[in-house]
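Notes follow the structure.
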Amino acid sequence: MPAVVQIDEIHKIYESGEVPVHAVRGVTLTIESGDFVAVMGASGSGKSTLMNLLGCLDRPSKGRYLLDGIDVSRLDRNQLADIRNQKLGFVFQGFNLLARTTARENVELPMLYGRRRYSSREMHERAMKSLELVGLGARADHFPSQLSGGQQQRVAIARALINDPQVLLADEPTGNLDSRTSVEVMDVFQKLNEQGITIVMVTHELDIAHYCKRNLIMRDGRLVSDHHVEHRLIATEELRKLHAAEAAAKLTA
Ligand SMILES: Nc1ncnc2c1ncn2[C@@H]1O[C@H](COP(=O)(O)OP(=O)(O)OP(=O)(O)O)[C@@H](O)[C@H]1O
Ligand SMILES: [Mg+2]
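Per numbering that gives the first Met the number 0: the sequence shown ends with 252, consecutive numbering throughout.
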């Protein structure tokens with residue numbers, strides 16, 4: 000079985016401005032199916048640029064990218080869109096949910112744009128399954144404004160899962176969340192990862208990166224560190240500890 004992600008010496012140079020920006024400078028990386036990777040590094044180090052390349056949202060200026068064995072460096076825009084729909088799911092820092100649309104309808108959206116046609120009943124059922132997977136089956140008819148930040152992000156995760164992606168790409172998914180809610184999102188990610196989904200996420204927070212299996216660090220467009228996480232945190236356990244601490248605090252109050 001090929002690695003899900005195999006990139007060789009990829010570069011990204013933004014040519015749009017007055018001065019070209021060499022944002023990714025020769026990154027080589029292999030990610031096997033079932034991995035759970037955190038990408039870290041200072042602001043401007045090229046994390047989002049790398050994620051956009053991995054997500055086929057942008058093409059490398061140089062270098063090769065095999066996604067699930069397919070050379071995507073040479074595909075045109077339409078072919079990239081198809082690959083994205085079939086293989087990838089995206090989660091963003093700002094959730095990107097439509098405000099006047101219920102949780103379930105938000106989750107159904109990608110099915111309206113994909114190549115495959117679904118009946119409305121099929122869409123409904125798939126969306127409910129996806130919402131149940133992130134523990135939000137009971138909130139399907141709520142609008143984003145009626146949900147907490149963590150719940151909104153879980154709706155966004157449910158939406159990312161709707162086409163059964165092999166890889167989930169998340170750029171600072173916990174960036175807008177408090178620490179407890181962040182752990183809840185990591186709990187969802189760990190459960191999805193256990194079911195076989197490969198996850199690559201950008202984070203600025205070291206403690207969040209500790210929930211992943213592997214940590215990468217970027218500096219000035221290069222990968223400067225790639226290591227396996229020893230003693231990684233398990234979100235269910237950390238949440239249990241938080242509950243216990245809260246209960247104890249209530250008793251003494
Ligand atoms: N569309 C663009 N056009 C020109 N330059 C860009 C573009 N996007 C990013 N850059 C530049 O590329 C470099 C890397 O940016 P990138 O967004 O990948 O960093 P980052 O590691 O994600 O930072 P942050 O942690 O702040 O999100 C920066 O110098 C940035 O200014
Ligand atoms: Mg970024």
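Just so you know, even glycine gets a beta-carbon here, dropped at the ideal spot from N, CA and C. It should be emphasised that the depicted structure is a prediction, and the values quoted were computed from it without experimental measurement.
* Any idea what DSSP makes of K240, helix, strand or coil? -> On the sequence shown, residue 240 is found 241 positions in, with the first residue counted as 1. Three-state result, K240: helix.
* Which same chain residues, not among the five before or five after D186, have their C-beta less than 8 Å away from its C-beta? -> Position 187 of the sequence shown, counted from the start, is the residue given in the question as residue 186. Result list for D186: A234, T235, L238, in chain order.
* **Boundaries (first-last residue) of the alpha helix (DSSP H) holding G16** => Residue 16 sits at position 17 when you count from the first residue of the sequence shown. Premise fails: G16 is in no alpha helix (DSSP H) and is neither H nor E.
* **Reduced DSSP secondary structure (H/G/I, E/B, other) of H10** => Looking up residue 10 in the sequence shown gives position 11. Of the three classes helix, strand and coil, the one that applies to H10 here is strand, per DSSP.
* In terms of residues, what are the limits of the beta strand (DSSP E) holding I216? -> Within the sequence shown, residue 216 is the residue found at index 217, counting from 1. 213 to 218 is the extent of the beta strand (DSSP E) around I216.
* **7 Å CB neighbourhood of Q135 in its chain, flanking five on each side removed** => To locate residue 135, count along the sequence shown from 1; it is residue 136. The sequence given here places Leu at residue 135; Gln does not occur at that position. For L135, where only same-chain residues beyond five positions count, the Cβ hits under 7 Å are A102, Q150, R153, V154, A157.
* Any idea which residues DSSP pairs R221 with across the strands? -> One-based indexing of the sequence shown puts residue 221 at position 222. In DSSP, R221 forms a bridge with R218.
* Would you mind sorting Y112 into buried or exposed? The rule is 16 or more other CB atoms within 10 Å of its CB. => Against the sequence shown, residue 112 aligns to sequence position 113. Exposed, because fewer than 16 other Cβ atoms sit within 10 Å of the Cβ of Y112.
* For S42, verify whether its CB is less than 6 Å away from any heavy atom of ligand 1. => By one-based count along the sequence shown, residue 42 stands at place 43. Yes - ligand 1 has a heavy atom lying nearer than 6 Å to the Cβ of S42.
* Going straight from the alpha carbon of F277 to that of G25, what length do you get? -> Limits of the chain in this structure are 0 at one end and 252 at the other, which puts residue 277 out of reach.
* Asked: Taking the C-alpha atoms as reference points, what is the distance between A137 and D219?
  -> Start at 1 with the first residue of the sequence shown, and residue 137 comes out as number 138. Start at 1 with the first residue of the sequence shown, and residue 219 comes out as number 220. The straight-line gap from Cα to Cα measures roughly 45 Å.
* Asked: Residue ranges of each alpha helix (DSSP H) run of no fewer than 4 residues wholly in the region 34 to 87, ordered along the chain?
  -> 46 to 53, 76 to 86
* Range covered by the alpha helix (DSSP H) that runs through D186 -> Taking the sequence shown and counting its residues from 1, one reaches residue 186 at position 187. Looking at the DSSP string, the run of the alpha helix (DSSP H) that includes D186 is 178 to 193.
* Asked: Among S60, I196, G40, E183, which one has its Cα closest to the Cα of S15?
  -> In the sequence shown, counting from the first residue as 1, residue 15 sits at position 16. Nearest of S60, I196, G40, E183 to S15, Cα basis: S60.
* Secondary structure at G25, three-state DSSP: helix, strand or coil? -> As a position in the sequence shown, residue 25 is number 26, starting the count at 1. Of the three classes helix, strand and coil, the one that applies to G25 here is strand, per DSSP.
* Verify the contact flag: A169, CB atom, against every heavy atom of ligand 1, threshold strictly below 6 Å. => On the sequence shown, residue 169 is found 170 positions in, with the first residue counted as 1. Checking the Cβ of A169 against ligand 1 gives no.
* To do: Would you grab the beta carbon distance between R213 and D34 for me? Rounded to a whole angstrom, and I think it's under 8 Å.
  => For the purposes of this step, residue 213 is identified with residue 214 of the sequence shown, where counting begins at 1. For the purposes of this step, residue 34 is identified with residue 35 of the sequence shown, where counting begins at 1. Contact flag correct, Cβ pair sits at about 6 Å.
* State the Cα-Cα distance for the pair V201 and L52, rounded to the nearest angstrom. => The residue labelled residue 201 in the question sits at position 202 within the sequence shown. The residue labelled residue 52 in the question sits at position 53 within the sequence shown. Taking the straight line from one Cα to the other gives about 13 Å.
* Give the secondary structure of V258 by DSSP, where H, G and I count as helix, E and B as strand, and everything else as coil. => Residue 258 lies beyond the range of the chain shown here (0 to 252); nothing can be said about it.
* To do: May I ask you to check if the CB of S32 is nearer than 6 Å to at least one heavy atom of ligand 2?
  => Here residue 32 corresponds to residue number 33 of the sequence shown, with the count starting at 1. Every heavy atom of ligand 2 is 6 Å or more from the Cβ of S32, so no.
* Just checking, does the region 192 to 212 make contact with the region 161 to 170 on the three C-beta pairs under 8 Å criterion? -> yes
* Asked: Helix, strand or coil for M0 per DSSP?
  -> Taking the sequence shown and counting its residues from 1, the one referred to as residue 0 is at position 1. M0: coil per DSSP, three-state reduction.
* To do: Report all residues from its chain with a CB closer than 8 Å to the CB of I69; omit the five preceding and five following residues, and keep chain order.
  => Start at 1 with the first residue of the sequence shown, and residue 69 comes out as number 70. Excluding positions up to five away in sequence, the list reads I82.
* Among D140, I6, A126, A208, which one has its Cα closest to the Cα of R63? -> As a position in the sequence shown, residue 63 is number 64, starting the count at 1. Of the listed residues, the one whose Cα sits closest to R63 is I6.
* Check each candidate in S144, I161, V36, K86 and name the one with the smallest Cα separation from S224. => Against the sequence shown, residue 224 aligns to sequence position 225. Comparing Cα-Cα distances from S224 to each of S144, I161, V36, K86, the minimum goes to V36.
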